[in-house]
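Colleague: Here our numbering is used: position 41 in the sequence shown is 41, and no number is missing along the way.
Ideal placement from N, C-alpha and C gives every residue a C-beta, glycine not left out.
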Amino acid sequence: MHLPIIVLFLFITHLTHGIEAAEWVGLYRDTNHPGKCVIEQYLILKEGVSVKDPNHECRQIICGFNGSTIFQRP
Numbered sequence: 001m002h003l004p005i006i007v008l009f010l011f012i013t014h015l016t017h018g019i020e021a022a023e024w025v026g027l028y029r030d031t032n033h034p035g036k037c038v039i040e041q042y043l044i045l046k047e048g049v050s051v052k053d054p055n056h057e058c059r060q061i062i063c064g065f066n067g068s069t070i071f072q073r074p
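#1: If you measure between the beta carbons of P74 and C58, is that distance less than 8 Å?
#2: Could you name the residues of the same chain whose beta carbon sits closer than 6 Å to that of V49, not counting the 5 residues immediately before and after it, in chain order?
#3: Could you tell me which of E23, I70 and A22 sits nearest to E47, measuring between CA atoms?
#4: In the structure shown, what three-state DSSP assignment does G26 receive?
#5: Please classify I5: is it buried, with 16 or more other beta-carbons within 10 angstroms of its beta-carbon, or exposed?
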């Protein structure tokens, strides 16, 4: 009776396992640096600037409005 539901659940779990987002957004604000993206103490970006992530080989960081930050992987 519950076997079809269990099989469907396992099938969906198998399909979605290992999927990673190619882009995600975060808020990186600091009152000491208004309007900028403060990723780390040594990585402070102005709005509209994009740089290669120094901590990851294939990632780009884009600073948006008021600390809104986009991380992208090709």
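Modeller: Answer, in terms of the structure:
#1: Position 74 of the sequence shown, counted from the start, is the residue given in the question as residue 74. Position 58 of the sequence shown, counted from the start, is the residue given in the question as residue 58. Cβ atoms of P74 and C58: closer than 8 Å.
#2: On the sequence shown, position 49 is the one that residue 49 refers to. C63.
#3: Here residue 47 corresponds to residue number 47 of the sequence shown, with the count starting at 1. Nearest of E23, I70 and A22 to E47, Cα basis: I70.
#4: As a first step, residue 26 is located in the sequence shown; it is residue number 26 there, counting from the start. Three-state result, G26: strand.
#5: Counted from its first residue, the sequence shown places residue 5 at position 5. So I5 ends up on the exposed side.
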